[in-house]
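Residue numbers 94 to 191, in our numbering, belong to the letters of the sequence shown in order.
Beta carbons: idealized from backbone N, C-alpha and C, even for Gly.
Keep in mind it's a predicted model, so treat the numbers as computed, not measured.
Let me begin by presenting the structure, written as structure tokens, before commenting on it.
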Amino acid sequence: MSAHDRPSAAELATAVREFLEAEILPVLDDQRLRFRTLVAMNALSIVEREAAPPPGEHDWELARRIRAGDVRDGDLAALKAEVEAKLRVASPRYLERY
94 MSAHDRPSAA
104 ELATAVREFL
114 EAEILPVLDD
124 QRLRFRTLVA
134 MNALSIVERE
144 AAPPPGEHDW
154 ELARRIRAGD
164 VRDGDLAALK
174 AEVEAKLRVA
184 SPRYLERY
């Protein structure tokens, strides 16, 4: 939950990225400026993903149980979901390969 009202940081980043993509990128002839705009759009995509609410908080109890050797049904699925959530922010293209 954000301490701020809408638009959220993720929504603002999305709006700016979409503006750059729809209004600015199509009219850029300068290749250097076009590349820098693409870099900025990528950075905004990262901000969007990082500002999105997480699917769940880190499960400290799960980590404790794994260290103790007490792995239960569903633990692997929970770990996979956590890794996928982190990859969505850090490297979403990696998920597309697997």
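Look at the segment 110-190 and you find these whole runs of alpha helix (DSSP H), each 4 residues long or longer: 124-144, 153-161, 168-183, 185-190. Proximity to Asp-166 across Leu-155, Ser-138, Glu-175 peaks at Leu-155, based on C-alpha coordinates.
Around the Cβ of Ala-106, a 10 Å sphere holds 16 or more other Cβ atoms; the residue is buried. Proximity of the segment 168-185 to the segment 127-147 meets the contact definition, three or more beta-carbon pairs being nearer than 8 Å. Within its own chain, the residues whose Cβ lies closer than 8 Å to the Cβ of Asp-168, once the five positions on either side in sequence are excluded, are Leu-155, Arg-158, Ile-159, listed in chain order.
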